[in-house]
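J.:
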Amino acid sequence: MNKTIRRASVFTLLLVFALLIRATWVQFYDGKALADDKDNRRNAIELYSEPLGDIVVGGKSVTGSAPTTGSDLKYKRTYTDGKLFSAVTGYSSQVYGATQLEGIYQNLLDGTDTRLKTVMDTVTGKRADPGNVITTIDPAVQKAAYDALGDKKGAAVAIDPATGKILAVVSTPSYDPSTLATGTGDAWTQLTKDPEKPMTNRALRQPLPPGSTFKLVVAAAALEDGLYSSVDERTDSPDPYQLPLSTDVLSNENPSAPCENASIRVALQYSCNNVFAKMAVDLGQDKVRAQADKFGFNDASQDVPVRAYESVYPKDMDKAQTALTGIGQFDVTATPLQMAMVSAAIANGGKLVTPHMVSQITDGGGDVLENYDDNTDTKEIVSSSTAEQLQSAMQTVVEDGTGTNAQISGATVGGKTGTAQHGENNSQTPYAWFTSYAKADGKEVAVAVVVEQSNAARSEVSGNGLAAPVAKTVMEAALEN
-8 MNKTIRRASV FTLLLVFALL IRATWVQFYD GKALADDKDN RRNAIELYSE
42 PLGDIVVGGK SVTGSAPTTG SDLKYKRTYT DGKLFSAVTG YSSQVYGATQ
92 LEGIYQNLLD GTDTRLKTVM DTVTGKRADP GNVITTIDPA VQKAAYDALG
142 DKKGAAVAID PATGKILAVV STPSYDPSTL ATGTGDAWTQ LTKDPEKPMT
192 NRALRQPLPP GSTFKLVVAA AALEDGLYSS VDERTDSPDP YQLPLSTDVL
242 SNENPSAPCE NASIRVALQY SCNNVFAKMA VDLGQDKVRA QADKFGFNDA
292 SQDVPVRAYE SVYPKDMDKA QTALTGIGQF DVTATPLQMA MVSAAIANGG
342 KLVTPHMVSQ ITDGGGDVLE NYDDNTDTKE IVSSSTAEQL QSAMQTVVED
392 GTGTNAQISG ATVGGKTGTA QHGENNSQTP YAWFTSYAKA DGKEVAVAVV
442 VEQSNAARSE VSGNGLAAPV AKTVMEAALE N
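So for the sequence shown, the numbering used here puts the first residue at -8; every next one is plus one.
Structure (C-alpha cells):
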C-alpha cells in the first residue's frame, strides 16, 4: 500500500470512529435530554395517545379524558367542576405541562409508573393501564368553602385534626383547568395576565402576614416556657406598650378593652396587641421561633403532597421588631395551610398529624399501590395541658370575644381573629384572618381562612366580619358529614 492510500485509509477510519463516538454520545447521554425536551412533539403524542387515569374526590372522578378531532393528540384532559377543584387538581395541558396533583402523579396517571406494569406489559412493551389518585377532599366541605368565599379574593383550608386529612383546599378567584387542556394561547394569556392571579394557589402557595392569629403561637411559647403558668394568670403588660429602643407606642384596636396586664385568655379574647408584643420580647425571638418551627414555620419542604410555600418566622431582629412579630407583623408570613395546622395541633391535644390531601394511589383495577393514611407522622407540638388551656381560651374568643361570628349551635368552637396590615403605613386594604376548630358528636375540624380583598368597606374589614363567617360555614359542613 502506497503512502497516500495508507494516509487516506487512516483518515477515513478516524472519521468512522468519530461518527461512532458521536452516535454513542447522542444515544446514551443526549438521548434522555432530547426525549424530555419540551419541544419534542413525540412526548405529547405518546402522553395523550390513551385516556389518563383520574383524580377522585368523594368517590367520584373530577377528571376525565375526551377524544379530540383534527389533532395528532388523540385525547385531551377534562375536568368536572374545574373551578371548584382547581386548587386540588392543578391542570394537565397538551402544551403547558401539568401542575399540582396532575404533575406530581403524572407517571401514575399516564400509565408509565413501573408499579403499574404487569408481566405481559413488560414482555409486549405496552403502556400499562393508568392508575388513579384518591384524595382526602370532602366535596361538601370543599363546596361550602368555595361558595362562602364567593367573589372575595382569598383562601380556605380545612383539616381533620385527628387524621391529618385535608378536607378542603380552596383559592379564589379560581379558574377552569379545562380551558388549558388543549393549550389555546388565548386562555393562557388571559389567565397569566389577569391581575387577580386566579392560577395562584392562595391556600398553599401564598404566605401573607398572619396578624393576630399568630398570637396563638406566642401564647403557646409562653405557656410551654413557663413564662406564665396558665391562660388566666395576669401578665405584666402596660397599655399602651412602648416598643423597645423606639419612640413608637403600640396601641390596641379597641381602646376600651381591658388589656392592661391582661391574662392570656383576656388578651386573646380582645386581641390585645400590648400583651403579645411584650410577651414576644420577654420570651426572646429564639424561643418564639422555636415554637413556630414546631408548628411548621420555616419548613421549606412542606409537602401535602403539593409543595406548600414556606411560612416564615424571621431571624436577627432587634427588640422592637421582635415585639411586632408577637402580633404577626414585621416579616412574619403564613399560608392558610400553616394557620390551619396551628389550630389542628391545639384541637388535637397538642399533637400535629402530618396534613395530606391524597389518601391512596391505586392501579387501574383499584388495587392500592400506596396508602398515605397509614404513613402519617404525629409530632407533639405543645403539651396536652397547654393545648387544653389554649382550646379554652380560643372558645372564649368565639363565645364572648372578637370571633362571635363563628358560633355554631350545638358545637364547641374555638378561634382567633386576625387583621394584618397591608402596604406601606397600612395604606392598602388589610388582610382578614380567622383560624379555628370545631367539635361536635365525635367529629372535629380545623379551619383557616384569609380574605385578601372583598367589596366590604375598609372600616368593615376584620377577621370576625369577613373571615369568621366563611370558617363557620366550612366547619358546619365538616361536622354535618
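Glycine is no exception: its CB is placed at the ideal position from the N, C-alpha and C atoms.
The model shown is predicted, which means the values in this text are computed figures rather than measured ones.
Note down, one range per segment and in chain order, each alpha helix (DSSP H) of at least 4 residues found wholly within the stretch 228 to 271.
T.: 255 to 261
J.: Suppose only complete runs of 4+ residues qualify. What are the alpha helix (DSSP H) ranges in the stretch 108 to 150, listed by chain order?
T.: 110 to 115 and 130 to 140
J.: If you count every other CB in all the chains shown that lies within 10 Å of the CB of A57, and 16 or more means buried, which is it?
T.: exposed
J.: Since N362 is in the beta strand (DSSP E), which residue starts that stretch and which ends it?
T.: Note, N362: beta strand (DSSP E), V359 to N362.
J.: Using the C-alpha atoms, what's the distance from Y166 back to D142?
T.: 13 Å
J.: With a 10 Å radius around its C-beta and 16 neighbouring C-beta atoms as the bar for buried, classify D151 as buried or exposed.
T.: buried
J.: Identify which residue in A431, S376 and V465 has its Cα closest to the Cα of N396.
T.: Selected option, being the one with the closest Cα: V465.
J.: Out of A429, M385 and W424, which one is the CA nearest neighbour of G401?
T.: Among A429, M385 and W424, the Cα nearest to that of G401 belongs to A429.
J.: Give me the residue from I125, N123, T105 and I128 with the minimum Cα distance to K117.
T.: T105
J.: Grab me the residues of S52's own chain with a C-beta within less than 6 Å of its C-beta, minus the 5 sequence neighbours each way, in chain order.
T.: D45
J.: Within its chain, find whatever has a CB closer than 8 Å to the CB of T324; leave out the 5 residues flanking it on each side and keep chain order.
T.: P198, L199, P200, P201, S302 and V303
J.: Please state if the CB of G454 and the CB of T483 are separated by a distance shorter than 8 Å.
T.: Because the chain is modelled from -8 through 472, residue 483 falls outside the range shown and cannot be assessed.
J.: If I measure Cβ to Cβ from K65 and keep anything under 8 Å in the same chain, skipping five residues before and after, which residues do I get?
T.: Y39, S40, E41, P58 and T59
J.: Buried or exposed: which applies to T109, given that a residue is buried once 16 or more other Cβ atoms fall within 10 Å of its Cβ?
T.: exposed
J.: In chain order, which continuous runs of the alpha helix (DSSP H) of length 4 or greater are located wholly inside the stretch 164 to 219?
T.: 176 to 184, 193 to 196 and 206 to 216
J.: Measure the C-alpha to C-alpha separation of A411 and W424 and round it to an integer number of angstroms.
T.: 8 Å
J.: Within the continuous alpha helix (DSSP H) that includes G44, where are the two ends?
T.: Element bounds for G44: n/a, residue is neither H nor E.
J.: Taking the C-alpha atoms as reference points, what is the distance between G308 and I318?
T.: Before going further, note that residue 308 is Met rather than Gly in the sequence given. So the two alpha carbons sit approximately 15 Å from each other.
J.: Please report the residue range of the beta strand (DSSP E) in which Q398 lies.
T.: No beta strand (DSSP E) holds Q398; DSSP gives it neither H nor E.
J.: N264: buried (16+ other C-beta within 10 angstroms of its C-beta) or exposed?
T.: By the 10 Å Cβ count, N264 comes out buried.
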